[in-house]
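Trainee: Right, I'll just put the structure down here and ask away after.
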């Protein structure tokens, strides 16, 4: 384990005009798009099977992986499947046979695979995927979390990445969590703002990742040609609940494990993570914004000018990190208001974050308001966050639509 | 090749207690199939009668691995399993899909086509009993013209010809596809062996007797499937890379009526002045047989 993150090693950029201080030893600083960061992470995790099907805005993840495999940089079987339904069904078969599997999808692809998502989860298969969020028809390919949010009851663990660095790191941590609990993990990126936007990403050396994520261990449930089993046959009512109970027992460990692995990741790589991130929250906080993914970056900047406003970034969304939220609210007065920023529409009065936050804060007296904004990829600039804060303080409504005529 | 009548199962791979109906084709189909494929086989089952026949959790009717999967995605699941078995050095193991006609002709045809096009090293076995029998006899695109099902009841019988699945699969230019009948066991066993030994995507379609669905007497299952071959309703042939070869030529022409009237699902055609429907089926069957013969001759002459 490398616990000493030091400022050392001066790197020179190509034109020799700028110098960058290497923050993270045994890393390379690259300027890459979010989708490439995801592909890079899958490579670093040494996945052995990649079933693929194109869909905007995910396509460049699997394209990139196909190049990586073709170039011999990753020892994996890459298969062009006939649909996302087949992609996930193939992932299921490969994981049953004991392989570390990765794929990526988006919107309709994730919707199409819905049936298989349930099966993968309840077969207890440790698979990690990336979903680049976009909504359903009428056609829209832009940033929106309705696709992944609508899969929240399939039993998959869901992480939302704020930055490309966060995505790369979450995939590595995702495999550790997934293989420890035998649960599938979905890492969600924002379309275009993240998937197609180049950022600085510190890409760890492969041996650094190998130390953190060893090759997949067998757990004895894999297909064994010499020890015949029957997977997934009809389970009578007397037994079915047993599987649900075991699932429940393990899914309730995810929040704590996320913090534990996030802490270990920090010690090893120099970047620490947790289930949620509470920014500027304390006894004097008058308002708390709650958001996912790239909107949190925008909100971070805006609240710099509002010392009375705090922010909760939900990194782990499913299972919902209730304990972490309650901890963040420990010193928060009852009259602090909560505003959920919803980039999802689930056909209800309130968005999905409101449902989850109300469940987390049940019994507390804080007033909660909901804001729909950024649906279908509409930009959520700092000005919009300012408007939300202003409206929240001056004339809050139970459910608000911002920048909407 | 096995000699005539040499079709006794020497190494039984099926445990007792299978849950099939009396006279069901699946039992015999799987007994012969598994006896040749052996224990190093992973069977992938979409929703189908066989997924029930093999027994509820935690039972396994076969000496082999069974993976139940989604109705539409058995060839895709098999693709993942095959890829990883190969990576693990188990190229000699067989991955076999066991599906019904609904899972093959209808909901599963996309993933079937995908796997066939990719040339996956998978053996696909379809027990074609001509309807969704597991859910209780609903029409599939394999249901024969004239048959009654619970979704084509009474005078609203199935009024289109079944899909030419073998033609569709042949168009994928796969190394081996064949039809087989449980009344022609030497032929069936030889085809299983050939399919096992061939590398790439292979498909066997077996005529599936189904007493509850066909409204037949269980003890007549084999004789009716034999008649299906003799009447050319279910001809026995192989297709290797689009080259057809007929494996059995009936000695004399037997009318389709002979096979159909033993099956309650066609009984209305013999009552309600539906002779024209029977004639249409006869004409279609003759046409299909001639078409197959042309393809066969084309192949032989080459």
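Residue numbers (the working numbering), protein chains in the order written: chain L, 1 to 405; chain R, 1001 to 1302. Cβ atoms here follow ideal geometry from the backbone N, Cα and C, with glycine treated the same way.
(1) Once DSSP output is grouped into helix, strand and coil, what is the label at residue 1237(R)?
(2) If you drop the 5 nearest sequence neighbours on each side, which residues of the same chain put their C-beta closer than 6 Å to that of residue 37(L)?
(3) Please compile the residues from chain R whose C-beta is within a distance smaller than 9 Å of the C-beta of residue 66(L).
(4) Rounded to whole angstroms, what's the CA-CA distance from residue 1047(R) to residue 1099(R)? Just pull it up for me.
(5) Checking 7 Å against the spacing of the C-beta atoms, do residue 1079(R) and residue 90(L) come in under that value?
(6) Give the residues of chain L in contact with residue 1113(R), contact being defined as C-beta atoms less than 8 Å apart.
(7) In this structure, does DSSP put residue 1038(R) in helix, strand or coil?
(8) Taking DSSP as the reference, what is the three-state secondary structure of residue 1012(R)?
(9) Pick out whichever of 83(L), 48(L) and 56(L) has its Cα sitting closest to the Cα of residue 72(L).
(10) Where does residue 1100(R) sit, in a helix, a strand or coil, going by DSSP?
(11) Give a yes or no on whether the minimum CB-CB distance between residue 1084(R) and chain L is below 7 Å.
(12) Going by alpha carbons, who is nearest to residue 360(L) out of 317(L), 87(L) and 58(L)?
(13) Which residues, in order along the segment 1049-1072 of chain R, keep a beta-carbon less than 8 Å from a beta-carbon of chain L?
(14) How would you list, in chain order, the residues of chain R whose beta-carbon sits under 9 Å from the beta-carbon of residue 49(L)?
(15) Which of the three DSSP states is assigned to residue 133(L) in this structure?
(16) Among the residues of its own chain, which have a CB less than 6 Å from the CB of residue 258(L), if the five just before and after it don't count?
(17) Look at the alpha carbon of residue 1021(R) and the alpha carbon of residue 1219(R), and state the distance between them as a whole number of angstroms.
(18) Let's see if you can read the secondary structure: which residues bound the alpha helix (DSSP H) around residue 1260(R)?
(19) Between residue 1013(R) and chain L, is any beta-carbon pair separated by less than 7 Å?
(20) If we ignore side chains and look at the alpha-carbon of each, how far apart do residue 1284(R) and residue 1175(R) end up?
(21) Please state whether DSSP places residue 87(L) in a helix, a strand or coil.
(22) Give me the Cβ distance between residue 79(L) and residue 1083(R), rounded to the nearest whole Å; I'm assuming they're in contact under 8 Å.
(23) When Cβ atoms are compared, which residues of the segment 219-236 of chain L fall closer than 7 Å to chain C?
(24) Helix, strand or coil for residue 82(L), going by three-state DSSP, please let me know.
(25) Between residue 1241(R) and the rest of its own chain, which residues show a CB-CB distance below 8 Å, the 5 nearest in sequence each way excluded?
(26) Apply the 10 Å Cβ neighbour rule to residue 1164(R) and answer buried if 16 or more other Cβ atoms are within range, or exposed otherwise.
(27) Skipping 5 residues on each side, what residues in its chain have a beta carbon closer than 8 Å to that of residue 1287(R)?
(28) Is residue 1110(R) close to chain L? Criterion is C-beta to C-beta, closer than 7 Å.
(29) Identify the residues that DSSP records as bridge partners of residue 103(L): which are they?
Mentor: Per the coordinate set shown:
(1) Residue state, collapsed to three classes: strand.
(2) A distance below 6 Å between beta-carbons, with the five flanking residues on each side excluded, links residue 37(L) to the following residues of its chain, in chain order: 164, 167, 168 and 201.
(3) Those do not exist, as residue 66(L) stays about 14 Å from chain R at its closest Cβ, beyond 9 Å.
(4) Near 8 Å, if we compare the C-alpha coordinates of residue 1099(R) and residue 1047(R).
(5) Their beta carbons are under 7 Å apart, which means residue 1079(R) touches residue 90(L) by this criterion.
(6) Chain L residues near residue 1113(R): 82.
(7) Assignment of residue 1038(R) by DSSP, reduced to helix, strand and coil, places it in the coil class.
(8) Coil at residue 1012(R), not helix or strand.
(9) For residue 72(L), the nearest C-alpha among the options comes from 48(L).
(10) Collapsing the DSSP output to three states places residue 1100(R) in a strand.
(11) With a threshold of 7 Å between beta carbons, residue 1084(R) makes contact with chain L.
(12) Cα-wise, what sits closest to residue 360(L) is 317(L).
(13) The residues in question are 1051, 1052, 1054, 1055, 1056, 1057, 1058, 1059, 1060, 1062, 1063, 1064, 1065, 1066, 1067, 1068, 1069, 1070 and 1072.
(14) Correct list: 1080, 1083, 1084 and 1087.
(15) DSSP places residue 133(L) within a strand segment (E or B) once states are collapsed to three.
(16) Within the same chain, and ignoring the five residues on either side of residue 258(L) in sequence, the residues whose Cβ sits closer than 6 Å to its Cβ are 275 and 316.
(17) Distance between the alpha carbons of residue 1021(R) and residue 1219(R) is about 12 Å.
(18) Judged by DSSP secondary structure, residue 1260(R) falls within the alpha helix (DSSP H) whose first and last residues are 1256-1260.
(19) No, no contact with chain L.
(20) The alpha-carbon atoms of residue 1284(R) and residue 1175(R) are separated by roughly 28 Å.
(21) If DSSP states are grouped into helix, strand and coil, residue 87(L) belongs with the helices.
(22) That pair is a contact at about 7 Å.
(23) Reference to chain C is not applicable here, since the protein chains of this structure are L and R.
(24) Per DSSP, reduced to three states, the secondary structure at residue 82(L) is coil, with no helix or strand assignment.
(25) Cβ neighbours of residue 1241(R) within its own chain (closer than 8 Å, five residues either side excluded): 1173, 1174 and 1175.
(26) It is exposed - the Cβ of residue 1164(R) has fewer than 16 other Cβ atoms within 10 Å.
(27) Leaving aside the five residues that flank residue 1287(R) on each side, none in its chain has a CB nearer than 8 Å to its CB.
(28) Answer yes: the Cβ-Cβ gap between residue 1110(R) and chain L drops below 7 Å somewhere.
(29) DSSP, once it has assigned bridges, lists 129(L) as partnering residue 103(L).
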